[in-house]
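Engineer: Those protein sequences? They're chains U and X, same order as listed. Residues are numbered in my numbering as their position in the first sequence, beginning at 1, plus a constant of 2. Residues are numbered in my numbering as their position in the second sequence, beginning at 1, plus a constant of 10. Beta carbons: idealized from backbone N, C-alpha and C, even for Gly.
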Amino acid sequence: MAVTKLFGAAIKRREDPRLITGRGNFTDHIRLPGTLVMAIKRSPHAHARIVRIDTSKARAMRGVVAVYTGQDLVDKLAPVPCAWLIPDSDLKLTPYRAVAVDKVRYVGDAVAVVVAEDRYVAQDAIEAIDVEYEVLPAVVDQEKAMESGAPQLYDEIPNNLAFHWKLHIGDFDAIWNEAEVRLSRRLINHRLIPTAMEPRGALAAYNPGSGELTIWCTSQNPHVHRLLLSAVTGLPETRIRVIATDVGGGFGSKIPMYAGEMIAAAISRDLGRPIKWIETRQENCVATIHGRDHIQYVDIAARRDGTITGVRVRAYANMGAYLSTAAPGVPTWLFGLMLQGAYAIPVIHCDVYGVLTNTTPTDAYRGAGRPEATYLLERMIDILARELGMDPAEIRRKNFIPKDRFPYTTPTGLQYDSGDYEATLNRALELVDYSTLRRQQAELRQQGRYIGIGFSTYVEVCGLAPSQAAGAMGFQGGLWESATVRVHPTGKVTVFTGSNPHGQGEETTFAQLVADELGVPFEDVEIVHGDTEMVPFGMGTYGSRSTAVGGAALVAACRKVKEKAQRIAAHLLEVAPEDLAFENGRFFVKGAPDRGMTFQEVALQAYLAWKLPRDIEPGLEATHFWDPVNNTFPFGCHICVVEVDPETGKVDFLKYVAVDDVGNVINPMIVDGQVHGGIAQGLAQAVYEYAAYDANGQLLSASLMDYAIPKASMLPVFTVDRTVTPTPVNPMGVKGAGETGTIASTPAVVNAVIDALAPFGIEHIDMPLTPERIWRAVRERSS
Amino acid sequence: MQITVTVNGVTYTHDVEPRLLLVHYLRDVLNLTGTHIGCDTSQCGACTVLLNGKAVKSCTIFAVQADGAEITTIEGLARDGQLHPVQEGFWEKHGLQCGYCTPGMIMTAVDFLQRNPNPTEEEIRHAIEGNLCRCTGYQNIVRAIQYAAEKMRSGS
């Protein structure tokens, strides 16, 4: 364990000086001479045949350099790829052209592209393109899309069914038949728009002389984008450089391969000029992936004492109009495998129907499948508690996997690494002062005031890995991470990591790890990420994997470096390597601490190589590809306290307590920040955000005027605390903290509101719990 | 149309199209890319700058409307290598993650603290309603602004 002086320290972020002075390196900041601006004309119809496209007016405009239709790009770009080919599910891939050729399938589908000298001209030219459509009936609801007679998006995909994924563990029918309590409910986990503050974009620069393409783009995983760009453009990977140093938030939405970046690359190659494309916010709303959008039918079997004996789920996942890069894996593996949650539930039956509709494609959004599973389970356990007259805390305690059963193999085949679920519940109850709260709740009800207490005791899977599991799940890639640790002759260190943090602060936490491992000053460590020409390889930042997997890779690389340094030091000090100790950045002879060399002295000798034996190569550098043996499983308990005004339906947040266990913590300030932001997003799903479509497939919330990401005044203060249960899966014992807040908070908030409304006989309201929905529910029950 | 503006203490004269937005003038003509663009409907506030000392969303103003004005952007906030207390607060209190909303958030806070040097938490949350952050949940942004308020009060 490398718990020395920097591990655990709330060090200020080294990313910040450039970001607080306006010197970040975001994609849209990069300027190249001769750059042309690209703009995309998008379909206003959810489903239509393209009859005719007249680009003549646009082409004639001053400053317009070129106009492309889908047909013009067919030979220049392969279809947008899908890279999670889930097995045994009758998966049908959607032919997804970057620019539609014959048919558009959602509002926002690209139909033509303009390249101009200036962004204003490009927008004017977009307006001047005349597209004649034959409008077709559209379908936006996934259940309706499967009905006979529903509009068909693809001739070759009957009933719009892209896949049917199954996970049947144990005999559910048997336990259902003998269950003392049976509950069946329909839950909706509605659609969300990730809304990273930086819209997506790209600057593609193809050099016709060298045949090389350099593309700056908003990417969470530059090497993955390089591989996919190679596949769609036909350029070899060795001729493509992807750069994404500063990325303004992602939340999953900057993982996939999208049309915009592909088109920019193809046109730059076609014209031999740099092409910049930056989407507008409206484009971001309609043409960057959405998240969630499940309709779930849930059956819970239980005993009268509250023990849950089985869960059966039939979920309809709205995939949108095309299968985005990782989309099939999200509502299946990342959802179904987690359906037991933190509980010792022996029987799990899950059927997921992936349905194509005339909507924006969905894919991984913060939590990705796990929020859908957690919400379902945490909502149902509350409904069960009420049915049985049990306290929601006690029914959870009753069903927890006990701490002496770790590592715990779930019926779905996961191995939960470590856990003490009850400890987080106890701590949260203490922080929120539960018994007092319940007393106050009863008193206030007498006065006609309604407060509610909502729980969420979640477990999530993160540190997405290992590669063998990825392969078995049909993910078309490995889930390792790489790091190269290069020690310079001065003893200063550059680390090249395949993770690509975009707000998570790994430039700081990774430097903390390296400084500890090598005993060098924090200031002497540089972290390089987000450039495929500099970093050997990488799978990127998502699934709360950067520190658990990428951090482990760099610790392993540091240890290789240290091992070599020790051999060099031993040779120079004329002792055996095992006779040396290493402390505070210095090798010394055990028992003779005066005889030693600093790490920096060894580094210099490694490069001078004057005195190295023949069996030690000069230089001091190591690369490690870390492929963990397992995922990590953070857990915790969130408790939300609200007051609901039944007259107006308004929800006020009184308290929010989060007790998370993310294993060991490298930088508590940064982890707290991740938890805050996660809670904000999950809470917003519960009460504010909703990507709403009308029946014709028009996105009604396609701007920040209409899509309610929270403002500062709409959020409470979060009280954040932790327990620490290290994972054995990596040398640092860290689990991952990027998604816990989002996964945990949504059900905690909804459970709180429903608890407040219990006196009205309200047992469930589908999200988002807007004042109108609450008011209607109260009114229905009261009349 | 010809405009003359003073940005971060430097005076510029340029011919601009009447429809050129101030934010595009700052970014594309002056290469001051610290002022960000996050939406097209004036909600997000990433483009906030000080125009004659007041916080404005530079995506909602034409460059020609700024003719004769003094503008401060995020690049001009630190003086003589010294961070402004608001910048310092954001660093100290982890008031940013991805950093995209940060320049606008900081400029709004600078303007706000000039008008209200001793704000309550509620006043701070209200004051930054025109600036959206997707990463932080705002809690540490509020702390950052409180830090700056305290520092500015004790320094004046």
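Can you tell me whether X:His94 is helix, strand or coil according to DSSP?
Structural biologist: coil
Engineer: Against chain X, which members of the region 700-716 of chain U pass a CB distance test of less than 7 Å?
Structural biologist: Ser705, Leu706, Met707, Ile711, Lys713, Ala714, Ser715
Engineer: Can you tell me where the beta strand (DSSP E) holding U:Asn209 begins and where it ends?
Structural biologist: 203-209
Engineer: How would you label U:His227, buried or exposed, when you count the other beta carbons within 10 angstroms and need 16 or more for buried?
Structural biologist: buried
Engineer: Helix or strand or just coil, what does DSSP make of U:Ser420?
Structural biologist: coil
Engineer: Near U:Pro210, which residues of its chain fall below 7 Å by C-beta distance, leaving aside the five closest residues on each side in sequence?
Structural biologist: Contacts found: Gly274.
Engineer: For U:His640, which residues does DSSP report across the bridge?
Structural biologist: U:Ser458, U:Ala660
Engineer: Drop a sphere of 10 angstroms on the beta-carbon of U:Asp626, count the other beta-carbons inside from all chains shown, and report buried for 16 or more, exposed for fewer.
Structural biologist: Before going further, note that residue 626 of chain U is His rather than Asp in the sequence given. When all chains shown are included, U:His626 counts as buried.
Engineer: Given U:Leu339, which residues of its chain have a CB within under 6 Å of its CB, disregarding the five upstream and five downstream residues?
Structural biologist: Only Thr414, Leu416 meet the Cβ criterion.
Engineer: Quick one: measure Cβ to Cβ for U:Ala714 and X:Arg135, integer angstroms, because I've assumed they're closer than 8 Å.
Structural biologist: 4 Å
Engineer: Using the C-alpha atoms, what's the distance from U:Tyr544 back to U:Gln298?
Structural biologist: 25 Å
Engineer: Short check: CB of U:Ser270 to CB of U:Ala207, under 8 Å?
Structural biologist: yes
Engineer: Helix, strand or coil: how does DSSP classify U:Phe9 here?
Structural biologist: coil
Engineer: Give the residues of chain X in contact with U:Gly251, contact being defined as C-beta atoms less than 7 Å apart.
Structural biologist: Cys108, Tyr110, Arg144, Cys145
Engineer: So what does DSSP say about U:Arg429, is it helix, strand or coil?
Structural biologist: When secondary structure is reduced to three states using DSSP, U:Arg429 falls in the helix class.
Engineer: Using 8 Å as the cut-off, can you tell me whether the region 727-738 of chain U makes contact with the region 550-559 of chain U, which would need three or more C-beta pairs spanning the two stretches below that distance?
Structural biologist: yes
Engineer: In chain X, which residues lie with their C-beta within 8 Å of the C-beta of U:Arg25?
Structural biologist: Under the 8 Å cutoff, chain X gives Gly44, Glu85.
Engineer: Beta-carbon of X:His163 versus every beta-carbon of chain U: anything under 8 Å?
Structural biologist: Just to set this straight, residue 163 of chain X is Arg in the shown sequence, not His. Cβ-Cβ to chain U under 8 Å: no for X:Arg163.
Engineer: Just to check my reading of the structure: U:Ala317 and U:His292 have Cβ atoms closer than 8 Å, yes? What is that Cβ distance to the nearest angstrom?
Structural biologist: Rounded, the Cβ-Cβ distance is 16 Å, inconsistent with contact.
Engineer: Mind checking if X:Pro95 is an interface residue toward chain U, Cβ cutoff 8 Å exclusive?
Structural biologist: no
Engineer: Mind checking U:Tyr410: buried by the 16 CB within 10 Å criterion, or exposed?
Structural biologist: Taking a 10 Å sphere around the C-beta of U:Tyr410, we find 16 or more other C-beta atoms and assign the residue as buried.
Engineer: Under the three-state reduction of DSSP, which class applies to U:Ala102: helix, strand or coil?
Structural biologist: Here U:Ala102 sits in coil by DSSP.
Engineer: Taking the continuous alpha helix (DSSP H) assigned at U:Trp279, which residues delimit it?
Structural biologist: That residue, U:Trp279, is in no alpha helix (DSSP H); its beta strand (DSSP E) goes 277-280.
Engineer: Using a Cβ-Cβ distance under 8 Å, would U:Gly415 count as near chain X?
Structural biologist: no
Engineer: Just the Cα atoms here: how many angstroms apart are X:Gly140 and X:Cys54?
Structural biologist: 6 Å
Engineer: Indicate whether at least one CB of chain U lies closer than 8 Å to the CB of X:Phe100.
Structural biologist: So, interface residue.
Engineer: My output table needs one value for X:Asn126: the three-state DSSP class, helix, strand or coil.
Structural biologist: coil
Engineer: Which residue or residues does DSSP assign as beta-bridge partners of U:Phe590?
Structural biologist: Its beta-bridge partners are U:Ala583, U:Gly598.
Engineer: Considering only the alpha carbon of each residue, which of X:His34, X:Arg125, X:Thr16 lies closest to X:Ala56?
Structural biologist: The candidate whose alpha carbon is nearest that of X:Ala56 is X:His34.
Engineer: Within 8 Å of any Cβ in chain U, is that where the Cβ of X:His104 sits?
Structural biologist: yes
Engineer: Between the alpha carbons of U:Arg388 and U:Met382, how many angstroms are there, rounded?
Structural biologist: Looking at the two C-alpha atoms, the distance is approximately 10 Å.
Engineer: Run down chain U in chain order and give the residues with a C-beta less than 8 Å from the C-beta of X:Arg29.
Structural biologist: Tyr122
Engineer: How do the region 608-627 of chain U and the region 482-490 of chain U stand: do at least 3 beta-carbon pairs fall below 8 Å, yes or no?
Structural biologist: yes
Engineer: In the structure shown, what three-state DSSP assignment does U:Gln514 receive?
Structural biologist: helix
Engineer: Just tell me which of U:Ala114, U:Gln676, U:Pro160, U:Asp104 has its CA closest to the CA of U:Val137.
Structural biologist: U:Asp104
Engineer: Provide the residue span of the alpha helix (DSSP H) that contains U:Glu684, from first to last.
Structural biologist: It should be noted that the sequence gives Gly, not Glu, for residue 684 of chain U. Segment 670-689, the alpha helix (DSSP H) holding U:Gly684.
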